[in-house]
DNA sequence: TGAACATATGAGCAATCATTCATATGAATA
DNA sequence: TATTCATATGAATGATTGCTCATATGTTCA
């Protein structure tokens with residue numbers, strides 16, 4: 015009885031079976047992959063990315079962020095909610111205002127790596 | 015004549031003007047932000063992220079990837095095109111097959127940082 | 001050259017998403 | 001308490017996106 019999992023693979027799949035198995039084992043469980051993807055996706059929207067970039071140099075209240083990005087307060091609030099849910103930003107109330115700041119240094123590292131990558135690719139081509 | 019850029023900000027904006035200016039200067043030019051966002055967005059889709067995760071342990075041809083992710087060849091090809099466009103993966107032809115591998119170590123670093131972040135947030139709450 | 005296989009790609013569609021608009025919540029102040 | 005300001009959020013919508021299906025391209029082998 016053949017392994018149905020390999021049905022979609024190319025015909026000489028016997029050759030790659032071991033590579034396929036190795037790759038399968040390299041995949042984290044579904045839940046973890048989804049979590050990772052959520053973080054990347056959050057940083058993959060220009061508005062949210064700009065929010066993160068702006069907060070690098072210090073905390074800002076919502077209306078400040080709206081001014082910096084030149085966008086509506088509502089739009090900013092909606093995006094902050096997503097970033098908050100993923101613990102990418104943290105908030106602190108002070109009177110009527112709510113101040114947001116980066117929650118985690120990992121975000122800065124990710125930004126730096128991504129920037130390096132972009133810089134690297136721009137050098138190579140174009 | 016008031017600065018119209020601050021029109022959307024909260025009324026006591028004089029206090030934050032300097033923070034706003036600082037944040038504005040922290041924002042890279044439009045084109046660069048978009049490039050960064052594109053990279054994060056590419057990694058923000060579970061399918062593309064799984065492709066990257068699978069390629070961590072070595073190159074794979076398209077049909078192998080389809081087998082590993084248990085998805086159609088077409089779906090994988092479409093996503094590989096996006097990853098290729100951003101130089102996240104590279105390809106090499108060998109006869110009829112095309113082998114894909116990670117193009118850049120920065121991707122690995124980003125994955126590691128993101129994984130750390132997720133691990134960290136899971137510890138803190140829930 | 002023709003058949004078979006591996007991959008790439010265009011069109012179409014269902015699902016997701018970022019914003020807007022209207023409104024609710026929450027805090028300070030008169 | 002009533003008003004005002006700052007923020008949050010639900011609903012609606014236009015735009016984007018990931019997949020499928022059909023088909024094109026490119027390679028090998030007979």
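Protein chains in written order, with this note's numbering: chain A, 15 to 140; chain B, 15 to 140.
Cβ atoms here follow ideal geometry from the backbone N, Cα and C, with glycine treated the same way.
**CA nearest to the CA of residue 42(A), picked from 138(B), 113(B), 125(B), 88(B)** = 125(B)
**Request:** Could you check what DSSP says for residue 75(A) in three-state terms: helix, strand or coil?
**Result:** strand
**Asked** For residue 128(A), does the count of other Cβ atoms within 10 angstroms reach 16, so buried, or fall short, so exposed?
**Response** buried
**Message:** With H, G and I counted as helix, E and B as strand and the rest as coil, what does DSSP make of residue 107(B)?
**Reply:** Per DSSP, reduced to three states, the secondary structure at residue 107(B) is strand.
**Item:** residue 82(B) at chain A interface by Cβ criterion, 9 angstroms
**Value:** It does: the Cβ of residue 82(B) has a partner Cβ on chain A nearer than 9 angstroms.
**Request:** Report the neighbours of residue 111(B) on chain A: residues whose CB is nearer than 8 angstroms to its CB, in chain order.
**Result:** 24
**Message:** With DSSP as the reference, identify every bridge partner of residue 125(A), one or two as the case may be.
**Reply:** DSSP lists no partner for residue 125(A).
**Request:** Spell out the partners DSSP gives residue 115(A) in its beta bridges.
**Result:** 104(A)
**Prompt:** Going along the stretch 43 to 55 of chain B in order, which residues come within less than 9 angstroms of chain A, judged by CB to CB distance?
**Reply:** 44, 46, 47, 48, 49, 50, 51, 52, 53, 54, 55
**Item:** Separation of residue 73(A) from residue 20(B), as counted between CA atoms
**Value:** In this predicted model, residue 20(B) has a pLDDT of only 45, less than 50, meaning its place in the structure is not dependable; the value taken from the coordinates is given anyway. C-alpha separation (whole angstroms): 18 angstroms.
**Prompt:** residue 103(A) CB to nearest chain B CB: under 9 angstroms?
**Reply:** no
**Message:** List, in chain order, every chain B residue whose beta-carbon is nearer than 7 angstroms to that of residue 58(A).
**Reply:** 51, 54, 55, 58, listed in chain order.
**Message:** What does the Cβ neighbour count give for residue 48(A), buried or exposed, with the cut at 16 atoms within 10 Å?
**Reply:** exposed
**Prompt:** Which of the three DSSP states, helix, strand or coil, is assigned to residue 60(A)?
**Reply:** helix
**Given residue 77(A) as reference, the closest of 70(A), 65(A), 71(A) once Cα atoms are compared** = Minimum Cα-Cα distance from residue 77(A) among the listed residues 70(A), 65(A), 71(A) corresponds to 65(A).
**Request:** For residue 32(A), name the three-state secondary structure that DSSP assigns.
**Result:** helix
**Cα-Cα separation between residue 121(B) and residue 71(B), rounded to whole angstroms** = 13 angstroms
**Asked** Do you know how far the Cα of residue 117(A) is from the Cα of residue 31(B)?
**Response** 23 angstroms
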